[in-house]
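Some notes on the structure that comes next.
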């Protein structure tokens, strides 16, 4: 069956909203109540000699984008944001009192819109961070940018603070699509913003693009990619819009009748991918593209690529400490998530209490399966027996290998000794295949049977 035929038969088993993205394992769906004292114990056990990563969630935006699936709130006044920054500083200090001055390798500001912070508040926040953590030799300091909320002053403040990578939320350059999702940002604004970054010496630039939005066609996708190529960002994330109005009520403002079909979505992704690859970008994993000199591709090429809550990353740290409401920390012993309600989060921090409410401890087997799934998600191939040996676990993968062998039989995978590699025909089903190794997901057998049924249709 050709790739085009597979795409035309693309059913809900491969739809993004149906399957985990595996930015963690076990996934956040498995989190339960977690005592903040357990997380505090994890923090205290971190060795000073090993670098960690830090994530900061800024849960505010000036305007609501109707496609948004992130945890955020709209603030028409800046005072709540300024008050939040003061609380965030307190959380930094509280964590550092437990960990000591840990060395930091990566910093990431997400949201929401981190660029909503005024320049002075951002610099003050980083100064607090610098006083309590060792951030002198950070490999990457990234911040997500809403181009509508930045100016030259902010951008130069980022540079002074040490930011060396920015991720611009572009989504699409088509005005009709921008109007349909309430995010209007003319190409002239992007050009001006890019020039400010260049002037400030920030050259590692990501573009976030979305397909599957209202009024997108192959022609508009082609135009957006061509405009993107003119700006030549070093890295591009090409995400499919997840329409979940039952979870995100504001997405009801995006009319169902305006959305492309599943077949059209796949055609949009295929076209965008082809245009990027033919213009020197390297395809990485599910949805990322990078120029050959970009650190993400270098890590991919050296088999050092990882997957975490920010997606694909070259970050080598085993620990990620999250700050802010809803932020998730990934620790050697488990995951911990802060309470998402901003007011409650702020009250807990003010009272000297842990903001952690959810999470779970991970077992040795969880860590093994995490490596198996991460390898599969990054490289479309995996040798589970070899990974089990690295973890010193005697596990035969009988059930899992049986399902993989079924996929080999229909041409979705190939087997080379103990290595299983997803073929071009099977890549469409990467996340479905990854569920085979998810010990908390009880539908993998049914999903694989449906893959087989489709291949025979």
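In the numbering used here, the protein residues as written are 1 to 457. No residue lacks a Cβ here, since even glycine has one placed at the ideal position from N, Cα and C.
- About 4 Å separates the Cβ atoms of residue 258 and residue 214, confirming a contact at the 8 Å cut-off.
- In this structure, the CA atom of residue 41 is about 33 Å from the CA atom of residue 116.
- Residue 110 is not a Cβ neighbour of residue 184, given a cutoff of 9 Å.
- Per DSSP, reduced to three states, the secondary structure at residue 208 is strand.
- Sequence-distant Cβ neighbours of residue 265 in its own chain, meaning closer than 7 Å and more than five residues away, are 211, 212 and 240.
- Annotated three-state conformation of residue 290 is strand, per DSSP.
- Residue pairing of residue 240 in beta bridges, as defined by DSSP: 211.
- Under the three-state reduction of DSSP, residue 295 is assigned to helix.
- The shortest C-alpha to C-alpha distance from residue 229 to any of 191, 19 and 28 is the one to 191.
- At a Cβ-Cβ threshold of 9 Å, residue 60 and residue 81 count as neighbours.
- A residue is called buried when at least 16 other Cβ atoms come within 10 angstroms of its Cβ; residue 328 meets this threshold and is buried.
- The C-beta of residue 440 has fewer than 16 other C-beta atoms within 10 Å across all chains shown, which makes the residue exposed.
- Under DSSP, residue 119 shares a beta bridge with no residue.
- Taken through DSSP and simplified to helix, strand or coil, residue 23 comes out as coil.
- In chain order, 122, 143, 166, 200 and 202 place their CB closer than 8 Å to the CB of residue 158, counting only its own chain and leaving out the 5 sequence neighbours on each side.
- The C-alpha of residue 226 lies about 50 Å from the C-alpha of residue 353.
- Straight-line spacing of the CA atoms in residue 340 and residue 72 works out to 9 Å.
- Here residue 66 has 181, 182, 250, 251, 253 and 254 as same chain residues with Cβ atoms under 7 Å from its own Cβ, once five neighbours each way along the sequence are excluded.
- Per DSSP, the beta bridge partners of residue 166 are 143 and 205.
- Note on geometry: alpha-carbon atoms of residue 303 and residue 75 lie some 42 Å from one another.
- In this chain, the alpha helix (DSSP H) harbouring residue 83 covers 79-99.
- Residue 441 carries a coil assignment under DSSP once its states are collapsed to helix, strand and coil.
- Within the segment 300-357, the beta strand (DSSP E) runs of at least 3 residues that lie entirely inside it are, in chain order, 306-308, 311-313, 320-323, 328-331 and 334-338.
- The DSSP assignment places 262-277 as complete runs of the alpha helix (DSSP H) inside the segment 253-290, in order along the chain (cut-off: 4 residues).
- Per DSSP, reduced to three states, the secondary structure at residue 60 is strand.
- Under the three-pair Cβ rule at 8 Å, the segment 91-109 does not count as touching the segment 271-281.
- DSSP links residue 134 through a beta bridge to 103.
- The residue among 53, 112, 177 and 79 with its C-alpha nearest the C-alpha of residue 134 is 53.
- Burial is judged here by how many other beta carbons sit within 10 angstroms of a residue's own beta carbon; residue 288 has at least 16 and is buried.
- Between residue 87 and residue 350 a beta carbon distance of about 7 Å is seen, short of the 8 Å cut, so the two are scored as contacting.
- In this chain, the alpha helix (DSSP H) harbouring residue 226 covers 218-231.
- Pairwise C-beta distances place the segment 422-429 out of contact with the segment 390-404, as fewer than three of them are shorter than 8 Å.
- When the five nearest sequence neighbours on each side are left out, the beta carbons in the same chain lying within less than 8 Å of the beta carbon of residue 128 are those of 89, 92 and 93, in order along the chain.
- Counting C-beta atoms within 10 angstroms of its own C-beta, residue 33 has fewer than 16 neighbours from the protein chains shown and is therefore classed as exposed.
- Annotation: the continuous alpha helix (DSSP H) that includes residue 430 extends over 430-434.
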